[in-house]
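Heads up: the sequence lines are chains H and G, in that order.
Going letter by letter, the first sequence gives residues 1 to 402 in our numbering.
Going letter by letter, the second sequence gives residues 403 to 511 in our numbering.
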Amino acid sequence: MRRVVITGIGVICANGRNKTEFLNALKNGTSGITRIEGAEIDDLRFQCGGQVHGFDPAEYMSLKEADMVDRFAQFAVAAATQAVEDSGIEWTDELRDTSAIVTGSCVGGQATENQGFYDVYKMGKPRVHPMTIPKTMANGGASAISLKYGITGPVFTIATACSSSAHALGQALMMVRSGMCDFAIGGGSEAPMSYGILKAWEAMRVVSPTVCRPFSKDRNGMMLGEGAAMLTIESLDHALARGAKPIAEIVGFGMSSDAHHITQPSAEGAAKAIRLALNDAGISPEQVGYVNAHGTGTTVNDVTETRALHMAFGSHASKLAISSTKAMHGHTLGAAGALESTAAIMALAHGFAPPTIHYNEPDPECDLDYVPNCARKCDFEYAISNSFAFGGLNAVLAFRRI
Amino acid sequence: MPDEMIPGAPATTASPEDDLTRRVLRIIAETQRKDVSQVTIESSFEELGIDSMDGVNIVFALENEFNINVPDEEVKTIRSVRDMVDGVRKLVLGEAPGTASVGHGPAAS
Chain H
1 MRRVVITGIG VICANGRNKT EFLNALKNGT SGITRIEGAE IDDLRFQCGG QVHGFDPAEY
61 MSLKEADMVD RFAQFAVAAA TQAVEDSGIE WTDELRDTSA IVTGSCVGGQ ATENQGFYDV
121 YKMGKPRVHP MTIPKTMANG GASAISLKYG ITGPVFTIAT ACSSSAHALG QALMMVRSGM
181 CDFAIGGGSE APMSYGILKA WEAMRVVSPT VCRPFSKDRN GMMLGEGAAM LTIESLDHAL
241 ARGAKPIAEI VGFGMSSDAH HITQPSAEGA AKAIRLALND AGISPEQVGY VNAHGTGTTV
301 NDVTETRALH MAFGSHASKL AISSTKAMHG HTLGAAGALE STAAIMALAH GFAPPTIHYN
361 EPDPECDLDY VPNCARKCDF EYAISNSFAF GGLNAVLAFR RI
Chain G
403 MPDEMIPGAP ATTASPEDDL TRRVLRIIAE TQRKDVSQVT IESSFEELGI DSMDGVNIVF
463 ALENEFNINV PDEEVKTIRS VRDMVDGVRK LVLGEAPGTA SVGHGPAAS
């Protein structure tokens, strides 16, 4: 079994449009949450979200290419471009022929679909834009990256709601680990800030009308976000042979299904995925120092996740530094697993635990160390990133410092 | 479509100067993200790098611009800018089927 490392990071989200900005935001506890722009939100019960402001797709693709894909796929190309440049990879015909791209997305190009339906249903227009179908497809990001670099190996997209890109990274890990390919681009992207999607989230009554405060007793819901994170993933041997400097190692992947409820999480299912990730990594719970929590900021998730951490880590749970970075960048749905894995990797590589911002008061049912409000210097060898999706689908990734 | 926009031009002798032609060239340029000076009545789709999906996107924009409906069979035969100008002119003048353009939403009722 081959060792697998991350050699490049690409990230674009509300509190960072590249890895340097994102790292600084994580260290400083900088929020990217603002009033939502570009969608009619006056009648919504929530007004804020984590949007990427000032995004210019022309930095990453021609305007013609940008026209052919939805915003979520533009984010995917942007993050992949950053990651590829960061990795220093030099493309050869063989590498293009064998490399993989695995992306995650929860809603795909639904903003495009919304616009088409709005045009015909509401505006009475006789036709929708011809690109509505290809812009809506959830694999739009993966395909656009493939086109940009001429990658002709295995390219596909995983849709498991809020675990999508964690499953995508896990899949990329398994493919490189097994020797199926030497190089992969894995991650996820999402752009859910359009009226129809926002109304649907409003209807679930899980979005905070004020501020997202994960694990805090006065928490009242999640905050939606948009963006992407892509990582270049390759075998350690391949990376060293080309003189690349690995950023971190992906050592474990665990997944499970709750088989419990379509939306209510189960601590048992989450704990199982954590245990499986640790087993896959061949490490004991005591070796883990940092957990990037799923930490949505809803009443139910944060209690259930805390219980799952107790179950999986036992007495070591209280020694973990745990944070939800969602309070800063929002819940980016299908991009969340990759974005938060990136946060965990940066925490490992730079020796700190990002904070859970907006934390006000302890909740007896959330009784662990959530790194409230301020980042903390710490030195640890292993970190995990939790993703627990609607539908009860859990994915946990484990990373090791290099 | 107001008649004064297409002052009496026969359907198959598009002049580079007339307004309908200029509007078609502009739509093609905008859709292809090109400068309008790059698109002429003589341009072939090959020269402009227009593939079949681009063609469908341009037809969509032309349908909206001229309030026409281009039938599927017509779309398949278009190969050049001149084909597009001539095709639009026929539809605008009512010399081809498919000109009615009716939506089904509240705003159309």
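By construction, the Cβ of each residue, glycine as well, lies at the ideal position given by its N, Cα and C atoms.
For chain H, is any of its Cβ atoms less than 7 Å away from the one on G/Phe468? Start at 1 with the first residue of the second sequence, and residue 468 of chain G comes out as number 66. So no, G/Phe468 is outside the interface.
Which residues of chain G have a Cβ atom closer than 9 Å to the Cβ of H/Pro130, listed in chain order? As a first step, residue 130 of chain H is located in the first sequence; it is residue number 130 there, counting from the start. Chain G residues near H/Pro130: Met455, Val458, Asn459, Val461, Phe462.
Where the segment 416–440 of chain G meets chain H: residues whose CB sits under 9 Å from a CB there: Thr433, Gln434, Arg435, Lys436
Once the 5 residues before and after G/Ile429 are set aside, which same chain residues still bring their CB inside 8 Å of it? Within the second sequence, numbered from 1, the residue matching residue 429 of chain G stands at position 27. Around G/Ile429: Ile460, Ala463, Leu464, Glu467.
Test: H/Lys148 CB closer than 7 Å to a CB of chain G: The residue labelled residue 148 of chain H in the question sits at position 148 within the first sequence. Taking Cβ atoms only, chain G never reaches closer than 7 Å to H/Lys148, which makes this a no.
To which residues of the same chain is G/Ile480 closer than 7 Å at the C-beta, ignoring the five residues directly before and after it? Locating residue 480 of chain G in the second sequence gives position 78, counting from the first residue. Counting only Cβ-Cβ distances below 7 Å, and skipping sequence neighbours, we find Gly457, Met486, Gly489.
Could you give the uninterrupted runs of the beta strand (DSSP E) lying entirely in the segment 312–391 of chain H, keeping only those of 3 residues or more? 321–323, 382–389
Pop quiz: H/His238 and H/Phe183 are said to be a contact at Cβ under 8 Å. What is the actual Cβ separation, rounded to whole angstroms? Locating residue 238 of chain H in the first sequence gives position 238, where the first residue counts as 1. Locating residue 183 of chain H in the first sequence gives position 183, where the first residue counts as 1. That pair is a contact at about 7 Å.
Determine which residues of the segment 331–351 of chain H have a Cβ less than 7 Å from any Cβ of chain G, and write them out in chain order. none
Nearest candidate by alpha-carbon position, reference H/Gly227, set H/Gly252, H/Trp91, H/Ala76: As a position in the first sequence, residue 227 of chain H is number 227, starting the count at 1. Of the listed residues, the one whose Cα sits closest to H/Gly227 is H/Ala76.
Using a beta-carbon distance cut-off of less than 8 Å, what residues from the segment 257–286 of chain H approach chain G? none
Where H/Phe215 falls: helix, strand or coil (DSSP): Translated into positions along the first sequence, residue 215 of chain H becomes position 215. DSSP places H/Phe215 in coil when its eight states are reduced to three.
The segment 53–64 of chain H: positions lying closer than 9 Å to chain G by Cβ: Ser62, Leu63, Lys64
Could you check which residue in H/Ile402, H/Ala343, H/Glu305 has the C-alpha nearest to that of H/Leu368? By 1-based counting over the first sequence, the position of residue 368 of chain H is 368. That would be H/Glu305, whose Cα lies nearest to the Cα of H/Leu368.
Three-state secondary structure assigned by DSSP to H/Lys55: What you label residue 55 of chain H is simply residue 55 of the first sequence in a count that begins at 1. Per the sequence shown, the amino acid found at residue 55 of chain H is Phe instead of Lys. H/Phe55 falls in the coil class under three-state DSSP.
Own chain partners of H/Ile158 with C-beta closer than 6 Å, once the 5 adjacent residues on each side are dropped: Taking the first residue of the first sequence as position 1, residue 158 of chain H is located at position 158. Excluding sequence neighbours, H/Ile158 sits near Gly104, Ser164, His167, Ala168.
Look up H/Arg401 in the DSSP assignment and say whether it is helix, strand or coil. Taking the first sequence and counting its residues from 1, one reaches residue 401 of chain H at position 401. Residue state, collapsed to three classes: strand.
Run the CB neighbour count on H/Ser146, radius 10 Å, all protein chains shown included, and call it buried at 16 or more, exposed below. One-based indexing of the first sequence puts residue 146 of chain H at position 146. Looking at its Cβ environment, which holds 16 or more other Cβ atoms inside 10 Å, H/Ser146 is buried.
Leaving out five residues before and five after G/Thr433 in sequence, what residues of the same chain have Cβ atoms less than 8 Å from its Cβ? As a first step, residue 433 of chain G must be located in the second sequence, where it is residue number 31. Answer for G/Thr433: Asp456, Asn459, Ile460, Ala463, listed in chain order.
Taking 7 Å as the limit between beta carbons, can you name the residues of its chain near H/Ala426, skipping five residues before and five after? Residue 426 of chain H falls outside the range modelled here, since chain H spans only 1 to 402, and no answer is possible.
N-terminal and C-terminal residue of the beta strand (DSSP E) that G/Val487 is part of: Reading the second sequence from its first residue, position 85 is the one you call residue 487 of chain G. Counting along the chain, G/Val487 falls outside any beta strand (DSSP E), though it belongs to the alpha helix (DSSP H) covering 483–494.
Span of the alpha helix (DSSP H), counted from its first residue to its last, around H/Ser165: By one-based count along the first sequence, residue 165 of chain H stands at place 165. 164–178 is the span of the alpha helix (DSSP H), which, as asked, contains H/Ser165.
Helix, strand or coil: which one does DSSP assign to H/Asn394? Position 394 of the first sequence, counted from the first residue, corresponds to residue 394 of chain H. The answer is strand: DSSP assigns H/Asn394 an E or B state.
Range of the contiguous beta strand (DSSP E) that encloses H/Met230: Residue numbering aside, residue 230 of chain H sits at position 230 when the first sequence is read from its first letter. That run of the beta strand (DSSP E) goes 227–235.
Count the CB pairs spanning the segment 240–255 of chain H and the segment 62–80 of chain H that are closer than 8 Å, and state whether there are at least three. no
Leaving aside the five residues before and after H/His294 along the sequence, list all residues of the same chain whose C-beta is less than 7 Å from its C-beta, in chain order. What you label residue 294 of chain H is simply residue 294 of the first sequence in a count that begins at 1. If we look at H/His294 and ignore the five residues flanking it on each side, its Cβ neighbours are Asn301, Glu305, Asn386, Ser387, Phe388.
Just curious, the beta strand (DSSP E) that H/Ser257 is in, first and last residue? Stepping through the first sequence from its first residue, residue 257 of chain H is reached at position 257. It spans 248–257 - the beta strand (DSSP E) in which H/Ser257 sits, taken as one unbroken run.
CB of H/Ala100 within 7 Å of CB of H/Cys181, strictly: Along the first sequence, one-based indexing puts residue 100 of chain H at 100. Along the first sequence, one-based indexing puts residue 181 of chain H at 181. In contact: H/Ala100 and H/Cys181 (Cβ atoms closer than 7 Å).
Near H/Gly29, what residues of its chain come up, given a Cβ to Cβ distance below 8 Å and the 5 sequence neighbours on each side ignored? By one-based count along the first sequence, residue 29 of chain H stands at place 29. Excluding positions up to five away in sequence, the list reads Met328, Pro354, Pro355, Ile357, Asn373, Cys374, Ala375.
H/Ser99, DSSP secondary structure in three states: The residue you call residue 99 of chain H lines up with position 99 of the first sequence. Of the three classes helix, strand and coil, the one that applies to H/Ser99 here is coil, per DSSP.
Could you give the distance in angstroms between the alpha-carbon of H/Lys217 and the alpha-carbon of H/His53? Stepping through the first sequence from its first residue, residue 217 of chain H is reached at position 217. Stepping through the first sequence from its first residue, residue 53 of chain H is reached at position 53. Roughly 31 Å between the two C-alpha positions.
May I ask you to report which of helix, strand or coil DSSP gives H/Gly16? In the first sequence, the residue the question calls residue 16 of chain H occupies position 16. Note: H/Gly16 maps to strand in three-state DSSP.
Return the residue from the list H/Gly351, H/Leu231, H/His350, H/Gly221 that minimises the CA-CA distance to H/Ala338. Position 338 of the first sequence, counted from the start, is the residue given in the question as residue 338 of chain H. That would be H/Leu231, whose Cα lies nearest to the Cα of H/Ala338.
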